[in-house]
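Inspection log for the structure reproduced underneath, given as structure tokens.
Residue numbers (my numbering): 9 to 195.
The following block contains the structure:
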């Protein structure tokens, strides 16, 4: 009987020992999977970060295009590099194409900057709207790339973009530097 008790005890110890060893292997395996998963996530995060970084060539070109400007931010916008900056106390954004060539700049303006004839047209055709932001897009005529603003591409030319709103509706109108007014987009 003593012999049977010893065998049962030995088998129980062996089973517990095996289970403990197995759980350590599983834990190690799970730990390894986590490390591998973390490495994959890190690699993916780095790849995504590179997609959102702007080109060093665009930064160099910006320095040449706007000497003395204070760079205050950068971002990748679709296929364009955007550099926000201050120059002579005026905040603007410069946009560069995939070849690091300047497409154009956007500067916030006021209603008073719009051509007088455009103000008359806006007052007549959009009298129920309130004028909001006014942006001036200054095109780089040396670059044929078209600009995208408010999610819509437009032909390369200097233009104002004016946000108009009334209860329940917001629109963008495009105003040429000569004062022509065009509907651009509903928001």
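Ideal placement from N, C-alpha and C gives every residue a C-beta, glycine not left out.
Pairwise C-alpha distance: residue j and residue i
| i | j | result |
| --- | --- | --- |
| residue 33 | residue 61 | Annotation note: pLDDT 41 at residue 33 (below 50); position unreliable, no value reported. |
| residue 128 | residue 167 | 17 Å |
| residue 138 | residue 86 | 30 Å |
| residue 162 | residue 83 | 21 Å |
| residue 174 | residue 64 | 42 Å |
| residue 190 | residue 169 | 10 Å |
Check whether residue i and residue j have beta carbons under 8 Å apart
| i | j | result |
| --- | --- | --- |
| residue 67 | residue 114 | no |
| residue 125 | residue 148 | no |
Within-8 Å CB hit, residue i to chain D
| i | result |
| --- | --- |
| residue 149 | Looking for chain D here will not work: only one protein chain is present. |
Neighbourhood of residue i by C-beta distance below 6 Å, restricted to the same chain and skipping five residues each side
| i | result |
| --- | --- |
| residue 141 | 171 |
| residue 165 | 147 |
| residue 185 | 166 |
| residue 88 | 103 |
Segment limits, beta strand (DSSP E) that includes residue i
| i | result |
| --- | --- |
| residue 147 | 138-147 |
| residue 257 | One cannot answer for residue 257 here, as it falls past the ends of the chain, which runs 9 to 195. |
Residues near residue i in its chain [Cβ-Cβ closer than 7 Å; skip 5 each side]
| i | result |
| --- | --- |
| residue 80 | 92, 93, 94 |
Per the contact definition of three or more C-beta pairs closer than 8 Å, is the segment 169-186 in contact with the segment 127-134? Below 8 Å, enough C-beta pairs join the segment 127-134 and the segment 169-186 to call them touching: three or more.
At least three beta-carbon pairs within less than 8 Å, the segment 68-77 to the segment 89-102: yes
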